[in-house]
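Student:
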Amino acid sequence: MATLMRRPSASLFHELLDWLDRDGVSYRSGGLVPDIRVEDFLEDEVYVVRAEMPGVDPEKDVSLTTKDGALTIRCERREEKKDKNFQEFQYGSFARRIALPVGARGDAATASYTDGVLEIRVPIEATEGEERPIAISRAADAD
Numbered sequence: 047m048a049t050l051m052r053r054p055s056a057s058l059f060h061e062l063l064d065w066l067d068r069d070g071v072s073y074r075s076g077g078l079v080p081d082i083r084v085e086d087f088l089e090d091e092v093y094v095v096r097a098e099m100p101g102v103d104p105e106k107d108v109s110l111t112t113k114d115g116a117l118t119i120r121c122e123r124r125e126e127k128k129d130k131n132f133q134e135f136q137y138g139s140f141a142r143r144i145a146l147p148v149g150a151r152g153d154a155a156t157a158s159y160t161d162g163v164l165e166i167r168v169p170i171e172a173t174e175g176e177e178r179p180i181a182i183s184r185a186a187d188a189d
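All residue numbers for the sequence shown refer to the numbering used here, where the first residue is 47 and numbers rise by one.
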């Protein structure tokens with residue numbers, strides 16, 4: 047069973063921008079830079095990110111890295127030289143950085159590409175917090 051995942055760094059403002067980002071252009075960057083559209087969810091202790099990436103060769107054009115609790119997706123979509131009357135496709139460099147949930151094992155992440163959708167799967171280790179007492183010191187009484 048899949049569960050929607052709320053990103054830990056998501057604020058109400060970022061959620062509003064996610065809602066507005068419907069046309070493939072990121073309002074996060076002032077609407078000037080194309081963005082990678084994603085969805086994420088939890089599935090059986092695995093964090094899953096799916097990214098729309100039609101028209102790219104994942105072996106040549108896509109780079110995935112994890113560092114400091116974040117997943118970074120980079121992509122380059124190259125334009126074919128043709129005479130065009132109209133164009134809505136976005137070309138160039140794209141990037142998206144996504145905060146990983148607590149316990150995510152970026153070193154064990156896997157990825158697959160099918161029908162224009164890149165899917166990244168990151169296992170999550172159960173992190174059971176151990177209860178630890180905290181000593182309380184008494185401040186010296188002022189006389």
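For each residue, glycine too, the CB sits at the ideal point set by N, CA and C.
1) Suppose contacts are defined by Cβ-Cβ distances below 8 Å. Is residue 138 in contact with residue 98 by that definition?
2) Among 106, 114, 112, 118, which residue has its Cα nearest to the Cα of residue 124?
3) Taking the beta strand (DSSP E) that residue 86 falls in, what are its first and last residues?
4) Return the chain-ordered list of same chain residues with a C-beta closer than 8 Å to the C-beta of residue 141, the five sequence neighbours on each side being excluded.
5) Nearest CA to the CA of residue 102: which residue from 136, 95, 128?
6) Using the Cβ count rule (16 or more neighbours within 10 Å means buried), how would you classify residue 177?
7) With distances taken Cα to Cα, identify the nearest neighbour of residue 87 among 186, 154, 144, 100.
8) Alpha carbon to alpha carbon, what distance is there between residue 164 and residue 93?
9) Alpha carbon to alpha carbon, how far is residue 114 from residue 152? Give it in angstroms, no decimals.
Tutor: This is what the structure gives:
1) Locating residue 138 in the sequence shown gives position 92, where the first residue counts as 1. Locating residue 98 in the sequence shown gives position 52, where the first residue counts as 1. In this structure, residue 98 does not lie closer than 8 Å to residue 138 by Cβ.
2) Stepping through the sequence shown from its first residue, residue 124 is reached at position 78. Looking at the Cα atoms, 106 is the closest of the given residues.
3) Counting from 1 along the sequence shown, the entry for residue 86 is found at position 40. Residues 84-89.
4) Here residue 141 corresponds to residue number 95 of the sequence shown, with the count starting at 1. Correct list, in chain order: 82, 118, 119, 120, 121.
5) Working through the sequence shown from its first residue, we reach residue 102 at position 56. If we check each option's Cα against that of residue 102, 136 comes out closest.
6) By one-based count along the sequence shown, residue 177 stands at place 131. Per the 10 Å Cβ criterion, exposed.
7) Position 41 of the sequence shown holds residue 87. The shortest Cα separation from residue 87 among 186, 154, 144, 100 belongs to 144.
8) As a working mapping, residue 93 is identified with position 47 in the sequence shown. As a working mapping, residue 164 is identified with position 118 in the sequence shown. Cα to Cα, the separation comes out at about 14 Å.
9) As a first step, residue 152 is located in the sequence shown; it is residue number 106 there, counting from the start. As a first step, residue 114 is located in the sequence shown; it is residue number 68 there, counting from the start. The straight-line gap from Cα to Cα measures roughly 9 Å.
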